[in-house]
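Reading through the structure tokens given below for one structure.
6 protein chains.
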Amino acid sequence: MKFDVTSLGEIICRLSPPGNERLSRCEELKRQIGGAELNVVSALSNMGLRSAIITKIPNNRLGVFVKNSIRSFGVSDDLLIYDNSSNARLGLYYSESGAAPRKPCVIYDREHSSFCSLTLEDINPEIYSASKIFHTTGITLALAPEIRENTIEIIKEFSKTKKTLISFDVNFRANLWNEDEARKTITEILPYVDIFFCSQETAKLTFGKTGNVEQILKSFADEYNIKIVASTKRDAITPKVHSFTSYIYDSTNKAFYTEKPYENIDVIDRIGSGDAYIAGVLYGLLTHDFDCMKALQYGNAFSVLKNTIPGDILCSDISEINSIISAHNGGHTSEMDR
Amino acid sequence: MKFDVTSLGEIICRLSPPGNERLSRCEELKRQIGGAELNVVSALSNMGLRSAIITKIPNNRLGVFVKNSIRSFGVSDDLLIYDNSSNARLGLYYSESGAAPRKPCVIYDREHSSFCSLTLEDINPEIYSASKIFHTTGITLALAPEIRENTIEIIKEFSKTKKTLISFDVNFRANLWNEDEARKTITEILPYVDIFFCSQETAKLTFGKTGNVEQILKSFADEYNIKIVASTKRDAITPKVHSFTSYIYDSTNKAFYTEKPYENIDVIDRIGSGDAYIAGVLYGLLTHDFDCMKALQYGNAFSVLKNTIPGDILCSDISEINSIISAHNGGHTSEMDR
Amino acid sequence: MKFDVTSLGEIICRLSPPGNERLSRCEELKRQIGGAELNVVSALSNMGLRSAIITKIPNNRLGVFVKNSIRSFGVSDDLLIYDNSSNARLGLYYSESGAAPRKPCVIYDREHSSFCSLTLEDINPEIYSASKIFHTTGITLALAPEIRENTIEIIKEFSKTKKTLISFDVNFRANLWNEDEARKTITEILPYVDIFFCSQETAKLTFGKTGNVEQILKSFADEYNIKIVASTKRDAITPKVHSFTSYIYDSTNKAFYTEKPYENIDVIDRIGSGDAYIAGVLYGLLTHDFDCMKALQYGNAFSVLKNTIPGDILCSDISEINSIISAHNGGHTSEMDR
Amino acid sequence: MKFDVTSLGEIICRLSPPGNERLSRCEELKRQIGGAELNVVSALSNMGLRSAIITKIPNNRLGVFVKNSIRSFGVSDDLLIYDNSSNARLGLYYSESGAAPRKPCVIYDREHSSFCSLTLEDINPEIYSASKIFHTTGITLALAPEIRENTIEIIKEFSKTKKTLISFDVNFRANLWNEDEARKTITEILPYVDIFFCSQETAKLTFGKTGNVEQILKSFADEYNIKIVASTKRDAITPKVHSFTSYIYDSTNKAFYTEKPYENIDVIDRIGSGDAYIAGVLYGLLTHDFDCMKALQYGNAFSVLKNTIPGDILCSDISEINSIISAHNGGHTSEMDR
Amino acid sequence: MKFDVTSLGEIICRLSPPGNERLSRCEELKRQIGGAELNVVSALSNMGLRSAIITKIPNNRLGVFVKNSIRSFGVSDDLLIYDNSSNARLGLYYSESGAAPRKPCVIYDREHSSFCSLTLEDINPEIYSASKIFHTTGITLALAPEIRENTIEIIKEFSKTKKTLISFDVNFRANLWNEDEARKTITEILPYVDIFFCSQETAKLTFGKTGNVEQILKSFADEYNIKIVASTKRDAITPKVHSFTSYIYDSTNKAFYTEKPYENIDVIDRIGSGDAYIAGVLYGLLTHDFDCMKALQYGNAFSVLKNTIPGDILCSDISEINSIISAHNGGHTSEMDR
Amino acid sequence: MKFDVTSLGEIICRLSPPGNERLSRCEELKRQIGGAELNVVSALSNMGLRSAIITKIPNNRLGVFVKNSIRSFGVSDDLLIYDNSSNARLGLYYSESGAAPRKPCVIYDREHSSFCSLTLEDINPEIYSASKIFHTTGITLALAPEIRENTIEIIKEFSKTKKTLISFDVNFRANLWNEDEARKTITEILPYVDIFFCSQETAKLTFGKTGNVEQILKSFADEYNIKIVASTKRDAITPKVHSFTSYIYDSTNKAFYTEKPYENIDVIDRIGSGDAYIAGVLYGLLTHDFDCMKALQYGNAFSVLKNTIPGDILCSDISEINSIISAHNGGHTSEMDR
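Protein chains in written order, with this note's numbering: chain A, 1 to 338; chain B, 1 to 338; chain C, 1 to 338; chain D, 1 to 338; chain E, 1 to 338; chain F, 1 to 338.
In structure tokens form, the structure reads like this:
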């Protein structure tokens, strides 16, 4: 297998004012790239796994910025598709930090992007058998009708090989579609899914689940024959202080996992911490023979650490992750790394 | 009425080092404009009301900076008076942030400014009947003898129309005058005042008031026949964390208002939050038919939000304010605006 | 008349890396606003005339940035139309400076913007009789079919009043439309045009004009009964050094004007210098009783000065302009303004 | 005496990314100078005492940066020694801030620096009798064998005069030497030491001390006939919030001192706060006739304040220090210095 | 062949003050990576060829910065060797721009770096047959005796395969070695070299060549049986304005090539322009079947363009290069890319 | 003698926007210190001479900024006088760069500064005999009547010792006084002056001199018995390109000196280049036994180099100066210092 994880999703440009400045005023913006699916594979490559992303970007200097950025994270640029059309565009979003009681804010400008013009013909079929895990999210399904259909088709192609696990994160966004559309579409693909990420709130509101978190996760696993179902629990004390843990249900051995929350996380940039969680879970599964407790520990540590790092992407390495897990579990720790 | 609120006061240039840097060291300074009276009308215009400021500025590129800045907030530049003299100057102050236990610090350099040369002849008398509310502060009275006399005269002119309410904020500054001067001057104008802002500390030390906050506010209202008296309560836990609420006494229906404090405010920049409070109170009065509970809620929300925004001015809009009030009152709120 | 000049056009956000950095690499971007039509009215308001722009912008924080920016230049926000739809977007472009032999570069991302959804119903008809001059450009015509039709209609409405002069700049952009479309559309509106700006290159390639510049300008005036026809001559020695002058034909007194070029202009930012030229011509006409030599001198000085100022907008004042004209004409000049 | 305090140590260049950025990614670095021994004398000169440092720096523009920087703090450049060799180098270190649960991080690149080539011949012997206190640390001893031997010799030279007190801070760094080396070397110089700083952890692990902090400090004093022994107690709640106090044993009057800790310190930059403590203790001793309670109060205030200031150096003045001590002891304090 | 070009050389960190600031004063430094050999392969990968670099870097966050940076250029990180030793260090240099008559300045701090500890055992022998061209420079030979010996060995290994061309740039640096050492070492490897780069000045001073440039280049080719010999001609009018061309001698068909110089180059950053020249020559040879005129044109365009781009690396793409060549040869060109 | 040169003058704070930004718009300002007299002594101390400045500054954090800044240049802070009054202020000026045809611009805000309150009683009389040269300028005389009188008194005090040479630069500023005042005041002090700096333009307009430059300089020397009279010749081709040379008349040996101009100077910051010239002349005189040709060469090189350095102060060292003189005189020079 050439790649540990391949994802499919839009890469978007993020523009954000420094510090606590406001989008309605600030002339200086920081440009970075992100996107739920890119965030997952970037974190994995930064940790040393091999990953790639199927996406489509403009064939101009903005596309070069994207290409060079993902290469810097170690994500392969082999699967990039270039849009040579005259209306090629790179989707973008603007983000502003919060400070209690002011909430963080995101404004999207991602319609009509090159990604939405991706077709099945753009994809080399060898891709479908080149990865241990294929990951995508509800955002990709929600962007536009054509990309939705194509995504479902791509999921099926990866699934056909029987050698690739399908990972899917619901990541429900009310600004992209409504709950009915989401449920209808996602339940269509759930039979193909092996690893499933869904928040409790979405499980209840979108999928009508009831009961406690264990019951909810188990219910997904049972209904759709999913191997692993995971859900995070973030508590936003203020925009700058969170606590975090998560839950995993492993249907193979019918086990349910959690750990005590990380408390008093200094939230520098919350965006992408959900995606980092997924990366951590996949990292734990791939490197520890699908041990779900390890997956949960890595997921939590990846996510928590991401909150302390500016930008969408978890810029770190595995030794830092391991030291955070160790400290969380009471291991000896110094005040500073020298 | 052309304007909802007109104020009179000095616009000063603020120079501040970034982040936690020190005034005694830092070469990079951020320039913004402020001033207690400008801060009030700027917040009001940002919220959609029409406002103006009577002031005098140098007729050079520094004056252009001031003019363009107030225009950007939506404050009318119609009432600006330009100083063509060779010693025209723009007053300024330097400000440094705090970090516990280091206190924030402000150094003023505002003497001999163009504002102090403002004369009654500079003012078009049509101004006096063009505004629903006229607002000024004790700082304007304290700057210099001539501006003090002129200010009192201007207050009387606005008052004469019987259509303009007079709003006054004591804003006592020991570096500008002493308590005796302040009391003597302010008690001279209080008979013209309809809406009065005074801290409890100043009420006690400068005006010799005693009793609890309700008694103090009522005492001003009774003694000088003031319609509305308001006082804020800030608790500076550390330079970066405050709590805040306020009190209003409405003499018309003899009612006293307060609400539970906002807690754990992330203080990014505390300067101007008192002025934002006044803007919020005036906003509530003007848009909600002089409902003092609304005025208090807006006052508190304006002030609290200002603390989270760099600079003197409340850069926001009314929908953000409303969502903060709603969240404070237990309304449903998401972690992030998307 | 409420306004000296009203324009119609899209306001776009400009993102540019600092100094000589590259769009394909740089994380720090400067955000400013611009647009050919806004650039004209902004320069005029900075010089003290009253101007406004008819445009449509998103009703979010990006729209607030636009609103506050044009207010800071002194352009009225009265004619702004707000787009409340969920797919409201602010068009944008990316720009990179040049350094010989590297050329400057611009990448547009302005399709599907809120401006293109502007309808005639959005416009208060009182606007049509509130301005001495109405100005727009070929860019507005080229953006999309609907806005093209509406623009033609708006030109006719302004023209109907007989009190408003119509100013039009061809500003041909090959990335927006082709020469046939441009010629067909523009010849349709030329009968309504009083002041016409067209480069010699476009006159030849798009309109099939021949002869020297005087013959070309006269030919437009004669054919379409245009009062004033103007054309600029820029010589880009390197991306950082230009020379510049222009030509005006005044059909009323059949006179042709030019002046010796400005040489060795330090080009800090070339974008918007053509729009500044138009502003200068209109300024000269409006303030000097349609004296075309004055118009040419102001046009040249506005344009040349714009090249020395970062951003699309001519940020200056009339005394600086006058001193540049005076120095160009051999008047005494010091090395530095003190 | 020409100087109040003279120290011996390496001046190193510090490179740090802004805010919460990462060393593995950030292109923008802030350059400052530091070094345990420089930090002590810089704080003292900023407070008005006269100080100098014996060190060796490259005779190039990097050396000029060092020279000018220490002069700006008021530290004398008289004792600087310039390295004219072709392999002169300025040691440096990279530092990254922490955000819970991410730890701060420091990477050293200080081997083979010019300082390590300092010889006894480089030093003018008049220095040895020109200072009230001579201070150095275990870091200087640990850098290299030659500098270790020379440092011991220099300590003896200062000690010989009988007029200069010897101050020594263990400052154990596991990345420079091991505990055996440290104990062996330091016990060799302890007979010359008058003022001794050692953390409890190092006292136990390196020197095998047992008992409570009072017993440990007293044990050093008794064993080596040391006048004053001090130890700090930092509690790192998170990388951004610390509490702090310290302990001093005065063997002359056999007294033990401490005070209640400073709580909720906003840690902007923790580096150098231990050195600031030493500066505070020496300041208190020198200016208050060796009153150890004063020394402890100054030590704590210096250290606590340093945490709130970016960079290694305590950039402050004595009036700010006094106001922090006063506030800690319950004195009246305002929210802001105006 | 896996790679088009593989190089061997030290990657160093470059620290430079912004704009025209001075190394002796400026606190803000920009960090980038460079190195003569890296610069060559980075330019090639940016143009779409496949390249790699054999080097050794610290296994810490500074090494991650290097790894991610070269990945962003598209240079493979497969051949990176990580130094886990406790004294691993990344060499660096400081650079300051010039402004006439102030000269640019570079200060090196690269001794004892991890690269110098590279051994033949660190290298996977498969590398030797994986590249069409192997490139290195005299800098690598000059760094230290061990790396010199190893480099000669590595050249021989690549040469043994008979499938890899050896490219060598003298790049004489008087601060690293003297002319005798250089001549002695380089003449030892010249028999293995196929493509040779040497300045006329070095040819004369170091190798004792005489005659005109054609005679000099031919003399190297004849004496050592070198296929292609190239030499650049830079004329530094001022630090900010250069002209540039080059000469190539092709021994296969005994032809000598040059073209008219590029004039009036805006020099933003001169460093790395010599390395970009080499990249251009290799690009032309590899993509145009060893056509030396193409190689010369690409070499000149690469080099000239590099001067306009901040940093060591030619950040560009092949279409920009082609448009510069076309404009230089009189092709039609617009003032701006839109 | 403790100092080589002592000056008397106001230290002012300079605020300037970055690059080509405008004072009427830019929020980011760079703070530096300057002042004609400080610029002279700072350049001298940077070159290794011992210097001091008599001035008065506020006793607050702004004063600390001044104190630390002059210390960083090596100027002694021994003669600083601190203003403890409540209206202490630091004078300042705003400066904006030019770009042809836009002129550079300076706005002063220096009235009522602490310096103007300097009294003779503030000065320790030992100062008067502690310096080889005393230097001041017409700016100091022009600031206010009191400081004018005191300055004249101070000149006389220095002169009385017979051991100190008096250096005086006319530096006529029309915004501070008029030509009549200037002539009247300066002719009063010329009998005490040994080294006199005056531009030809001022010589003609203010002092009514006629003839060529040699005649003018000689005329001053003869009339007032001045040892050395110097005058600079700057030719501002554009704000970014100047040429420069100067003339010196040495009355002792009745010789007149000049040299060929420096051409094509890249003017990064022109402010302070006149003061740097004076520093160079004094440096040449003091270090080369009053050889006026040396003085002229140093003066020219100091001045020319200052133009290439941001800020008022010549931040350089004597080896750089010597290399510029050598290159100007045709000495061998490389393109870059490595």
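Every residue gets a Cβ at the ideal spot worked out from N, C-alpha and C, and that includes glycine.
Beta-ladder partner(s) of D/Arg14, from DSSP:
As a working note, residue 14 of chain D is residue 14 in the fourth sequence. In DSSP, D/Arg14 forms a bridge with D/Gln32, D/Tyr93.
Output the boundary residues of the beta strand (DSSP E) element that contains B/Glu263.
The sequence position of residue 263 of chain B within the second sequence is 263, counting from 1. Going by DSSP, B/Glu263 is part of the beta strand (DSSP E) stretching over 262-266.
Proximity of F/Arg270 and C/Glu335 at Cβ, strictly below 9 Å
Numbered from its first residue, the sixth sequence carries residue 270 of chain F at position 270. Numbered from its first residue, the third sequence carries residue 335 of chain C at position 335. With a cutoff of 9 Å on beta-carbon distance, F/Arg270 and C/Glu335 are scored as near each other.
Nearest neighbour of E/Ile189, chosen from E/Asn150, E/Tyr262, E/Thr202 [CA to CA]
Working through the fifth sequence from its first residue, we reach residue 189 of chain E at position 189. If we check each option's Cα against that of E/Ile189, E/Asn150 comes out closest.
If distances are taken between C-alpha atoms only, which option among D/Phe115, D/Cys116, D/Ser114, D/Asp109 comes closest to E/Ser113?
As a first step, residue 113 of chain E is located in the fifth sequence; it is residue number 113 there, counting from the start. Among D/Phe115, D/Cys116, D/Ser114, D/Asp109, the Cα nearest to that of E/Ser113 belongs to D/Asp109.
Under 7 Å Cβ-Cβ, which residues of chain F neighbour D/Ile19?
Reading the fourth sequence from its first residue, position 19 is the one you call residue 19 of chain D. The sequence given here places Gly at residue 19 of chain D; Ile does not occur at that position. Near D/Gly19 there are no residues of chain F at all, since even the closest Cβ is about 17 Å away, more than 7 Å.
Cβ-based burial, A/His145 [other Cβ within 10 Å; buried from 16]
Locating residue 145 of chain A in the first sequence gives position 145, where the first residue counts as 1. Note that residue 145 of chain A is Pro in the sequence shown, not His. Classification for A/Pro145: exposed.
Considering only the beta carbon of each residue, do C/Asn307 and C/Ile248 sit closer than 9 Å?
For this step, residue 307 of chain C is matched to residue 307 along the third sequence. For this step, residue 248 of chain C is matched to residue 248 along the third sequence. One thing to note: C/Asn307 has its Cβ no nearer than 9 Å to the Cβ of C/Ile248.
Please identify, using Cβ separations under 7 Å, the residues of the region 98-119 of chain D that lie next to chain A, in order along the chain.
Residues passing the 7 Å Cβ filter: Ala99, Ala100, Pro101, Arg102, Lys103, Pro104, Cys105, Val106.
Would you call the region 238-245 of chain D and the region 204-216 of chain D in contact, with 3 or more CB pairs under 8 Å?
Output reads no: the region 204-216 of chain D does not touch the region 238-245 of chain D.
Closest to B/Asp83 by CA distance: which of B/Ala174, B/Tyr94, B/Ile309, B/Val64 is it?
On the second sequence, residue 83 of chain B is found 83 positions in, with the first residue counted as 1. Selected option, being the one with the closest Cα: B/Val64.
Report the residue ranges of all alpha helix (DSSP H) runs contained in full by the region 133-180 of chain F; include only those spanning at least 4 residues, in chain order.
Within the region 133-180 of chain F, the complete alpha helix (DSSP H) runs of at least 4 residues are 138-142, 145-160.
Taking only beta-carbon atoms, is C/Ser340 less than 9 Å away from chain A?
Since the displayed chain C opens at 1 and closes at 338, residue 340 of chain C lies outside it and no answer follows.
Could you tell me which residues DSSP pairs with C/Ala52 in its beta bridges?
In the third sequence, counting from the first residue as 1, residue 52 of chain C sits at position 52. DSSP lists C/Thr6, C/Ser76 as partners of C/Ala52.
Name the DSSP beta bridge partners of F/Pro58, please?
The residue given as residue 58 of chain F occupies position 58 in the sixth sequence. F/Pro58 pairs with F/Asp83.
Counting contacts by CB-CB distance shorter than 9 Å, is E/Tyr262 in contact with chain C?
Here residue 262 of chain E refers to the residue found at position 262 of the fifth sequence. Closer than 9 Å to some Cβ of chain C, the Cβ of E/Tyr262 qualifies, so yes.
State yes or no: is the C-beta of B/Asn20 within less than 9 Å of the C-beta of D/Ile268?
Here residue 20 of chain B refers to the residue found at position 20 of the second sequence. Here residue 268 of chain D refers to the residue found at position 268 of the fourth sequence. In this structure, B/Asn20 lies near D/Ile268, with their beta-carbon atoms less than 9 Å apart.
Should the region 319-327 of chain A be regarded as contacting the region 25-35 of chain B, the criterion being three or more beta carbon pairs within less than 8 Å?
Contact fails: fewer than three Cβ-Cβ distances are below 8 Å.
Shorter than 9 Å from the beta carbon of F/Val304 to some beta carbon of chain E?
Counting from 1 along the sixth sequence, the entry for residue 304 of chain F is found at position 304. Yes, its Cβ sits closer than 9 Å to a Cβ of chain E.
Using a beta-carbon distance cut-off of less than 7 Å, what residues from the region 315-327 of chain B approach chain C?
Of all residues in the region 315-327 of chain B, Asp317 have a Cβ within less than 7 Å of some Cβ in chain C.
In three-state DSSP terms, what is B/Thr210?
Taking the second sequence and counting its residues from 1, the one referred to as residue 210 of chain B is at position 210. Look at B/Thr210 here: in three-state DSSP terms it is coil, with no helix or strand label.
Proximal residues of chain C, C-beta to C-beta of E/Asp4 below 7 Å
Mapped onto the fifth sequence, residue 4 of chain E falls at position 4. Within chain C, no residue comes near E/Asp4; the closest Cβ sits about 21 Å away, beyond 7 Å.
Tell me, please, whether the CB atom of D/Asn68 is closer than 9 Å to any CB atom in chain F?
The residue labelled residue 68 of chain D in the question sits at position 68 within the fourth sequence. By this cut-off, D/Asn68 is an interface position.
Any beta-carbon of chain F closer than 9 Å to the one on C/Arg50?
Taking the first residue of the third sequence as position 1, residue 50 of chain C is located at position 50. For C/Arg50, the answer is no, since every Cβ of chain F falls outside 9 Å of its Cβ.
DSSP three-state assignment for C/Cys315, whether helix, strand or coil:
Here residue 315 of chain C corresponds to residue number 315 of the third sequence, with the count starting at 1. In this structure, C/Cys315 counts as coil in the three-state DSSP scheme.
Could you say if the region 82-99 of chain B and the region 134-141 of chain B meet the contact criterion of at least three C-beta pairs nearer than 8 Å?
Proximity of the region 82-99 of chain B to the region 134-141 of chain B falls short of the contact definition, fewer than three beta-carbon pairs being nearer than 8 Å.
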